[in-house]
Amino acid sequence: NNHKLNKYCKKVCTENKVMEFKVERKSDQNILILSIDNDEYKKIVKERKENIEKMEKAALKEVSAKSKSPQKSKSLEKKDLKDENGLAKLEHCFSSDVGKSSAKLGFGFDEFEANNQTNKSASDANSLQAESSETTLPQKRRSEEMSKDNAIENRNGKSLPKEVSAANKANEFEKSVLTQPNDSFVWLQYIAFHLGYYDVASARAVAERALARIPAREEDQRFNIWIGFMNMEIMFGTNDSLKDVFDRACQNAHPKRLHLKLAEILEKAGKMNESKDILLKALSKFKSSKKVWMAYLRHLIAMGNVEESRAQLKRCLQSLDKHKHVLTITKYASDEYQFGSKERGRNIFEGMLTNYPKRHDLWTIYIDREVKSGNIDAARKLYERFVNSEVKPGKMKSRFKKYLDFEMKYGDESSVEHVKAKARLYVQSIE
Numbered sequence: 135n136n137h138k139l140n141k142y143c144k145k146v147c148t149e150n151k152v153m154e155f156k157v158e159r160k161s162d163q164n165i166l167i168l169s170i171d172n173d174e175y176k177k178i179v180k181e182r183k184e185n186i187e188k189m190e191k192a193a194l195k196e197v198s199a200k201s202k203s204p205q206k207s208k209s210l211e212k213k214d215l216k217d218e219n220g221l222a223k224l225e226h227c228f229s230s231d232v233g234k235s236s237a238k239l240g241f242g243f244d245e246f247e248a249n250n251q252t253n254k255s256a257s258d259a260n261s262l263q264a265e266s267s268e269t270t271l272p273q274k275r276r277s278e279e280m281s282k283d284n285a286i287e288n289r290n291g292k293s294l295p296k297e298v299s300a301a302n303k304a305n306e307f308e309k310s311v312l313t314q315p316n317d318s319f320v321w322l323q324y325i326a327f328h329l330g331y332y333d334v335a336s337a338r339a340v341a342e343r344a345l346a347r348i349p350a351r352e353e354d355q356r357f358n359i360w361i362g363f364m365n366m367e368i369m370f371g372t373n374d375s376l377k378d379v380f381d382r383a384c385q386n387a388h389p390k391r392l393h394l395k396l397a398e399i400l401e402k403a404g405k406m407n408e409s410k411d412i413l414l415k416a417l418s419k420f421k422s423s424k425k426v427w428m429a430y431l432r433h434l435i436a437m438g439n440v441e442e443s444r445a446q447l448k449r450c451l452q453s454l455d456k457h458k459h460v461l462t463i464t465k466y467a468s469d470e471y472q473f474g475s476k477e478r479g480r481n482i483f484e485g486m487l488t489n490y491p492k493r494h495d496l497w498t499i500y501i502d503r504e505v506k507s508g509n510i511d512a513a514r515k516l517y518e519r520f521v522n523s524e525v526k527p528g529k530m531k532s533r534f535k536k537y538l539d540f541e542m543k544y545g546d547e548s549s550v551e552h553v554k555a556k557a558r559l560y561v562q563s564i565e
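355 is the number that our numbering gives to position 221 of the sequence shown; each next residue is one higher, with no gaps.
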């Protein structure tokens, strides 16, 4: 629809201060060609060149000072090593392969929920991540990249320290955020770059730029930036700075999601009391929310406050609508299996099956909990009850299939044959 396309392009041009645009169609695709103000572009390029020249001059002075003062050289090398370790640490925290070490800090890319399928095209941001991935590069190539990172050559052939390389990377990130201004992944990589050099002020400035630049219609992308901003304040800021960011986020994004996400991040960072305070604050605002109650009950069980969690479950059922009771109690029983008492979890599931014997989801969750806890025999007995319960013939096919898959994975030939024979008998009985 050319009319809608032109209307959208005009809106994009207005937001990005683009002077003119035109649309071409090639290979059944619409290609949008934008042109910005040439004087403004030249001004930006000139400022960057001046900054790089200043960095090069300062770097050359440090090189000459190193050759004259060997003791000072050693101290600078230690500082560079510290900065390099810090950068690798922060890049790892923002990468998608977050491990337990970053989980303890409460800073992981798994906190950013938006669907970032366009992130593959962010070659500038991904190149930074590829440089920190030692497992995918041969040893020779790694050594070459390390040497390039520690010292690069200028036009005169003199080696320059890592500060110039950092300036070049910052320039690359600036290009990336100009070409992909609505991509939260690129902005978060830029924030991680500054935090790698312990430049918290610059990282905060980049976060503010991202929030100002990403339009309000990109809710998921803006939500990712708020999560990254709160992670940064947890790691490098104070309680007051975290509160300020969180309050601002609640005014500009989905408040319930933010409360639940912040509580989860604080819990991963080991700040259990702060996490509980956030959940209590969420309960005071969203009393009828099933998700908030389930998160609070799970938090109490994880902290070992089992008795308090059981008392709060009664309050929960009084606050929620009746149609939410089954799923809430089922989630509570699963949390009992994982963090509390398995026997207590079994009792809750058995009570639920007594009241709702035809609920397929209750059976599968109950069996799954037994399998994950290692009770294969108990799970097998549940499957026997599962296929013997009276339901419509159309639903029995999926039940026998699940039982057969279970025996093929955990049983032997005789148990597999037993399930097949049982299925054949059932088919004969309904014919």
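Beta carbons: idealized from backbone N, C-alpha and C, even for Gly.
Annotated as distal: K424 and T464, with beta-carbon spacing of 8 Å or more.
Ranking K421, V311, R519, M366 by CA distance to the CA of D455 puts K421 first. Look at the beta carbons and you see the segment 384-395 touching the segment 345-362: at least three pairs across the two are nearer than 8 Å. Taking I499 as reference, the option from D511, L516, L400 with the minimal CA-CA separation is L516. Within its own chain, the residues whose Cβ lies closer than 6 Å to the Cβ of S375, once the five positions on either side in sequence are excluded, are E367, listed in chain order.
Taking a contact to require three or more Cβ pairs closer than 8 Å, the segment 481-495 and the segment 432-447 do not qualify as touching.
Fully contained in the segment 350-412 are the following alpha helix (DSSP H) runs of length 4 or more, in chain order: 353-370, 373-386, 389-402. In its chain, beyond the 5 residues on either side, A383, A387 have a beta carbon closer than 6 Å to the beta carbon of W360. In the structure shown, K421 adopts coil according to DSSP, grouped into three states.
E524 carries a coil assignment under DSSP once its states are collapsed to helix, strand and coil. The three-state secondary structure of L345, taken from DSSP, is helix. Remark: C-beta atoms of H433 and K410 approach each other more closely than 8 Å.
A403 and S310 have their C-alpha atoms some 31 Å from each other. Within the same chain, and ignoring the five residues on either side of C450 in sequence, the residues whose Cβ sits closer than 7 Å to its Cβ are W427, L431, T462. Between the alpha carbons of K415 and E408 lies a gap of roughly 11 Å. In this structure, I412 and A397 form a Cβ contact; the two beta carbons are roughly 4 Å apart against a cut-off of 8 Å. Spatial neighbours of A429 in its own chain (CB-CB distance under 7 Å, excluding positions within 5 residues in sequence) are listed in chain order as L394, A397, L413.
Between the alpha carbons of Y544 and H552 lies a distance of about 14 Å.
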